[in-house]
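Colleague: Please see the structure below; I have some questions.
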Amino acid sequence: MKLSRYYIPTLKEDPAEAEVISHKLLMRAGMIRKLTSGIYNYLPLGLRSINKVANIVREEMDNAGALEVLMPSVQPADLWQETGRWDYYGKELLRFNDRHGRDYCLGPTHEEVITDLVRGEVRSYKQLPINLYQVQTKFRDEIRPRFGLMRGREFIMKDAYSFDKDEEGAEASYWNMFEAYKKAFSRIGLRFKPVQADSGAIGGDFSHEFMVLAETGEDTIASCKACEFAANLEKARINEPEGECLCDAECPALEEVATPGKHTVEEVCEFLGVEQSALVKTLLFVVDGEPVAALVRGDRELNDAKLRNLIGGDEIDMADEALVRELTGAPVGFAGPRSLKEGVRIVADYELCRATDWIAGGNKADTHVRHLSLGRDCKIEQFADLRVITESDPCPECHGEIEFTKGIEVGHVFKLGLKYSEKMNATFLDENGKEKPLIMGCYGIGVSRIVASAIEQNNDENGAIFPPSIAPFEVCLISLGGKDEAVNARAEELYAELKAMGVDACYDDRKERPGVKFADADLIGYPMQLVLGGKGLKNGIIEAKDRKTGERIELPLDSFSEAFGQWRESIWQAWGLK
RNA sequence: CGGGAUGUGGCUCAGUUUGGUAGAGCGCUGCGUUCGGGACGCAGAGAUCGGAGGUUCAAAUCCUCUCAUCCCGACCA
């Protein structure tokens, strides 16, 4: 591609609206432009990168035996009503009506559509397993879109759905996708890590997220320094601590203490002169409409995903002020496990049964209690793993040391089980002629988000640095000829040679000064630059620059193809590719 | 939805406090010089100051309403 005929509107300054580096650089490199909040135009350069990611993903999906389809982005409400998600999905689902007043939505995901498609076609176990995927534009009306392509409302996603006849098959399909994802992300050239994830409201037995490791990631990963364990913070489990239960151990008589106006853990501890770990923190939630009290130690953080899973609910909300008053008889800040309103389920973190003589809220304004014994004074329904893991907790697999890192979620694999097939009556006949629901799995990759995360992971003060596999162009050939037609003519030949070699190259033949071409090439982040100038031509050499290391070497013009081929090979290898 | 901020040429911003002829840099067009790390000179084009209403002799500037965008929080297969 000759850049004199191409469209790359680069910007010298950071756009005011961009906060994170990938957003700034995607804008500045002329790869995207915003249409409206969370919705972007993909310009020629940006689209090339997206397509490269999508094609690698396609190849790995095809290799894994999945079949590409393309489903509509407009979906009828009745399918969503069948699964109950029309009500459950909430405002993130963009809904609208057609001219007849019928309800539709813009697809944020395609479980309903794919299940509907398959139930009409797949009737026999002989047709199973089957895995269908698509690369498509999704729409989720995020409350707060931000960070450019990182969290847009409209975005490009690859989503795959597997259908199996039995558990064994479903599990095989799951791990098949898991392996395909590892291959795809490796080929894309990202530093990533698969981590255990909470399967959330979608249910299912297990789930992994694929995280691109980057400082600016929105997710926190807890991983073990000693073994392979890695999990999303909300999933990372904590084993029941050693030692015996001390709930019924001896404890002085309960007494009330006045704590006027002290409603945070910090205030109460300071006021009473005790450590935060001496307190029981009582948090009130509503899980699927039912009030639940969750207890963790004062210095700990409750993990609401764990609570939701323990209770077995779909939806979990903090109790509002009015409900807190109703359940505790006190304003917010004085809730305690003793003397809560009848019927409130009380669950507690494991840690709390390994000690006694607690301080807790008194369920009375400006009052706490001390010498609280959970066994004697409270009705705890269950002790369980409820708190958020910390870096000082041991690894749940091997007791090794845990460390936190930041990541960007670019892929997610789920075992769905029967959730959709049962509700939508998607069945097949097994070997015995018996009707059974299909066992499903779903597998997503955020294609447009990958382009952003590649930049988050690879950039410097001059711009982006793309892995060669997904760069908009693998190499940029820059002619510094100006009016020197001999240089331009030679550059033209080299460009033809590159094309003949099957190299994905662009040729900067613009009538621009050298500095402009260098700056643009660095900004856009082509992993390789080739620079031909007058002196070089005279000496029979062309300069080759590795964008990642900044290293420049000279390649001989008379054996250019061979020399370039070797250099290119070394660049790909340095990226851990090929 | 709650809190905060911002809307002025294509982009980044000044001007708003104290009402009085709409500015700069970058980008763009033309001519000339220049040409290995975002050149220089000259000449130009381009803005009803987010929108509506109001106050005033006079509004980018003051008032009311509204829309949009961004940040923090809640949300998020």
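Residue 1456 is where the first sequence starts when you use the numbering used here, and the numbers rise one by one after that. Each residue gets a CB set at the ideal place from its N, CA and C atoms; glycine is no exception.
(1) Tell me the residue span of the alpha helix (DSSP H) that contains K1637.
(2) The alpha helix (DSSP H) that contains N1496, what's its start and end?
(3) Check for me: the beta strand (DSSP E) holding Y1805 runs from which residue to which?
(4) In whole angstroms, give me the CA-to-CA distance for W1630 and P1892.
(5) Give the DSSP-derived three-state secondary structure of L1525 in the structure shown.
(6) Identify the continuous beta strand (DSSP E) that holds M1895 and give its terminal residues.
(7) Using only the heavy atoms of the ligand SAH, determine whether one of them is closer than 7 Å to the beta carbon of G1918.
(8) What is the rounded straight-line gap between the Cα of V1971 and the Cα of P1849?
(9) Starting from V1787, follow the alpha helix (DSSP H) in both directions and report where the run begins and ends.
(10) Please identify the residue among A1774, D1804, V1723, D1754 whose C-alpha is closest to the C-alpha of G1744.
(11) Compute the Euclidean distance between the alpha carbons of V1958 and E1929, then round it to the nearest angstrom.
(12) Please list, in chain order, all residues of the same chain as C1808 whose beta carbon is under 7 Å from its beta carbon, the five residues on each side excluded.
(13) Please work out which residues of its chain come closer than 8 Å, Cβ to Cβ, to E2034, disregarding the five sequence neighbours upstream and downstream, and give them in chain order.
(14) Hey, quick one: how far does the alpha helix (DSSP H) through N1943 stretch, first residue to last?
(15) Less than 8 Å between the C-beta atoms of E1864 and M1666, yes or no?
(16) By DSSP, does E1722 sit in helix, in strand, or in coil?
(17) In chain order, what residues of the same chain lie with their CB nearer than 8 Å to the CB of P1527, ignoring the 5 residues before and after it?
(18) Would you mind stating whether V1508 and I1643 have Cβ atoms separated by less than 8 Å?
(19) With H, G and I counted as helix, E and B as strand and the rest as coil, what does DSSP make of R1780?
(20) Give the straight-line distance between the Cα atoms of P1851 and G1698, rounded to the nearest whole angstrom.
(21) Helix, strand or coil for R1606 per DSSP?
(22) To test your reading of the DSSP string, which unbroken alpha helix (DSSP H) runs of 4 or more residues are found completely within the region 1806-1880?
(23) Can you list, in chain order, the stretches of the beta strand (DSSP E) that have 3 or more residues and sit fully within the region 1907-1941?
(24) In or out: M1956 buried (at least 16 other Cβ within 10 Å) or exposed?
(25) Classify K1874: buried if its beta carbon has 16 or more other beta carbons within 10 angstroms, exposed otherwise.
(26) Less than 8 Å between the CB atoms is what I'm expecting for P1707 and A1748, so what's the real figure, rounded?
(27) Answer with buried or exposed for D1840, where buried requires no fewer than 16 other C-beta atoms within 10 angstroms of its C-beta.
(28) Tell me K1593's beta-bridge partners as DSSP assigns them.
(29) Determine the DSSP secondary structure at H1555, reduced to helix, strand or coil.
(30) Looking at the unbroken alpha helix (DSSP H) that takes in P1969, where does it start and where does it end?
(31) Taking all protein chains shown into account, decide if C1724 is buried (16 or more other Cβ within 10 angstroms of its Cβ) or exposed.
(32) Thinking F2015 and I1997 are a contact (beta carbons under 8 Å), I'd like their distance in whole angstroms, please.
(33) Starting from I1766, trace the alpha helix (DSSP H) both ways and give me its first and last residue.
(34) How would you call E1623, buried or exposed, if buried means at least 16 neighbouring beta carbons within 10 angstroms?
(35) Do you know whose CA, among S1628, K1593, G1556, lies nearest G1520's CA?
(36) Using only CA atoms, which one of Y1981, N1887, E1886 lies nearest to N1914?
Modeller: Walking through what the data contain:
(1) 1622-1643
(2) Segment 1494-1497 is the beta strand (DSSP E) holding N1496; no alpha helix (DSSP H) there.
(3) Premise fails: Y1805 is in no beta strand (DSSP E) and is neither H nor E.
(4) 21 Å
(5) coil
(6) 1894-1901
(7) In the structure shown, the ligand SAH is absent, as is every other ligand, since no ligand is present at all.
(8) 54 Å
(9) Here V1787 belongs to no alpha helix (DSSP H), and DSSP marks it neither H nor E.
(10) A1774
(11) 7 Å
(12) C1700, L1701, C1702, L1829, F1838
(13) Limits of the chain in this structure are 1456 at one end and 2033 at the other, which puts residue 2034 out of reach.
(14) 1940-1955
(15) yes
(16) helix
(17) G1562, V1568
(18) yes
(19) helix
(20) 16 Å
(21) strand
(22) 1829-1832, 1874-1878
(23) 1930-1934
(24) exposed
(25) buried
(26) Actually they do not touch by this definition, with Cβ atoms about 24 Å apart.
(27) buried
(28) F1610
(29) coil
(30) 1969-1979
(31) buried
(32) 7 Å
(33) 1759-1766
(34) exposed
(35) S1628
(36) Y1981
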